[in-house]
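Below is one structure, written out as structure tokens, with a few remarks after it.
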Amino acid sequence: MEWQTDILGADFESYAFEATGPDGVVRRATLVRHVPQGMPATPPPPNGSVLFLHGWSDYFFNVALAEFWTGLGFRFYALDMHNHGRNLRADTPGGYVEHLDDYDAEIAQAIEMIRAEEKVSGGSACVTLMGHSTGGLIASLWVSRYPGIVQFLVLNSPWLEMHGSSLVRRAAQTMVSPLARLRPRTILRLPERGFYYRSISSSAEGEWTLDDKYRPPLAFPVRAGWLSAVLSGHAKVARGLRIDIPILVLISGSSANGMIWQESMRHSDAVLDVNTMALRAMTLGQSVTLERVEGGLHDVFLSAGPVRADAYARLGRWVHGYISGREHQRIQETP
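Numbering (numbering that gives the first Met the number 0) for the sequence shown: 0 to 334.
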């Protein structure tokens, strides 16, 4: 493996690789790792590694998130999944996937690379998988399909269900399924809402530097095959995933939806229905912690400073209780 200096600067390296999906198609993904420069030599991080999965029409850019995990004694990695971010190509449809398990191989390969690095350095084999929005849905489904590979799951506003209820999902699936089978790459003409981008991007009214090449202001076009894949994932979550590892779900305290800008969108989730998320979180597994972050945005770790600090404090408290404590010790002692 030859790591390259990443677009985020000297403290980050990336490695582009290819993974063959269950359908036999070879896809390109990029693994990013946090390698702080100028730090004194230290023993391997005691808490293992974190692998972060971004949301749809997104990429990894949150330097502060990486620094937070590193500060807690983890090695931090992020995966830009195929057709996203660092892997975008002019001849491929941004964000497109026909089956969410098409991501399985690249996630598995990323974890194998992480574990190989930990083995060389003498670090912990413990892996925490973290996902945001659609990445949270993908992470949840992956963990349910491949039990025993990761030890903890952290979800930041995971897209676990359509707005409103399962009735909305069933109606949408009925309408989109025929088109998804016949012409899966057909673009659906849906209203464009750039309110979330407006609240986070420094080129609009937010504080975060985003590269529009990797994260377009109005998101990628919604295609029939992609939407059908997401709805199918929602149906699986609704039936229950029976995940048997500790799960943390962080969501905003409120939602603000609509077709016109509202000032409340600066301190609420302007993308998903938080109450539906909270309900569906309980179907994920046997040990689920739900944290509501008042004033949080859709990505709670991109919220205003004081709210962001609260979100990190809640995450840190959970990590201390589950991973840094006796639970981690049990994993280390398992033969």
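Built from N, CA and C at the ideal position, the CB exists for glycine as well.
For F67, the uninterrupted alpha helix (DSSP H) run begins and ends at 62 to 70, by DSSP. Across the structure, S165 and A280 are spaced so that their CA atoms are roughly 14 Å apart. For S13, the closest C-alpha among the options T133, M112, S139 is that of M112. DSSP, reduced to helix, strand and coil, places R74 within a strand of the structure shown. Within the same chain, P44, N46, G47, S48, V49, T127 come within 8 Å of F73 by CB-CB distance, once the 5 residues on both sides are set aside. DSSP places D103 inside the alpha helix (DSSP H), whose first and last residues are 103 to 120. Residue state for F194 is assigned as helix, using DSSP reduced to three classes. Around W317, the same chain offers L247, T288 as residues with beta carbons nearer than 7 Å, after the five sequence neighbours per side are excluded. At the C-beta level, I250 and S139 stay beyond 9 Å of one another. Secondary structure of H297 (DSSP, three-state): coil. In this model, A308 and Y213 are separated by some 26 Å (Cα to Cα). In this structure, DSSP gives A171 a helical state, which the three-state scheme calls helix.
According to DSSP, D5 shares a beta bridge with G8.
For the pair A77 and H53, the CB atoms are nearer than the 9 Å cut-off. For S48, the pairing in a beta bridge is given by DSSP as R74, V126. By the beta-carbon neighbour count (other beta carbons within 10 angstroms, threshold 16), N82 is buried.
Beyond the five residues adjoining it in sequence on each side, V292 comes within less than 8 Å, by CB distance, of L249, I250, S251, G252, V299, S302, V306, D309, A310, R313 in the same chain, given in chain order.
In the three-state DSSP reduction, G284 falls in the strand class (E or B). The Cβ neighbour count for H319, taken over all protein chains shown within 10 Å, is under 16; the residue is labelled exposed. In the three-state reduction of the DSSP assignment, Y14 falls in the strand class.
Around the Cβ of S263, a 10 Å sphere holds fewer than 16 other Cβ atoms; the residue is exposed.
The C-beta separation of Q36 from D5 comes to about 12 Å, leaving the pair out of contact by the 8 Å criterion. Residue pairing by DSSP places A28 opposite F16 in a beta bridge.
T69 and G315 have their C-alpha atoms roughly 12 Å apart. In the three-state reduction of the DSSP assignment, S302 falls in the coil class. The beta carbon of V34 sits closer than 6 Å to the beta carbons of E12 from its chain, once the five residues preceding and following it are set aside; these are given in chain order.
Rounded to whole angstroms, F16 and R85 show a C-alpha spacing of 11 Å. Cβ-Cβ separation between S123 and Q172: approximately 41 Å, too far for a contact (criterion under 8 Å). Residue state for N155 is assigned as strand, using DSSP reduced to three classes. The shortest CA-to-CA distance from A109 to any of L189, V149, S143, P220 is the one to V149. At a Cβ-Cβ threshold of 9 Å, V221 and L187 count as neighbours.
Beta-bridge analysis with DSSP links E290 to L249. By the CB criterion at 9 Å, R114 and E204 fall outside the cutoff.
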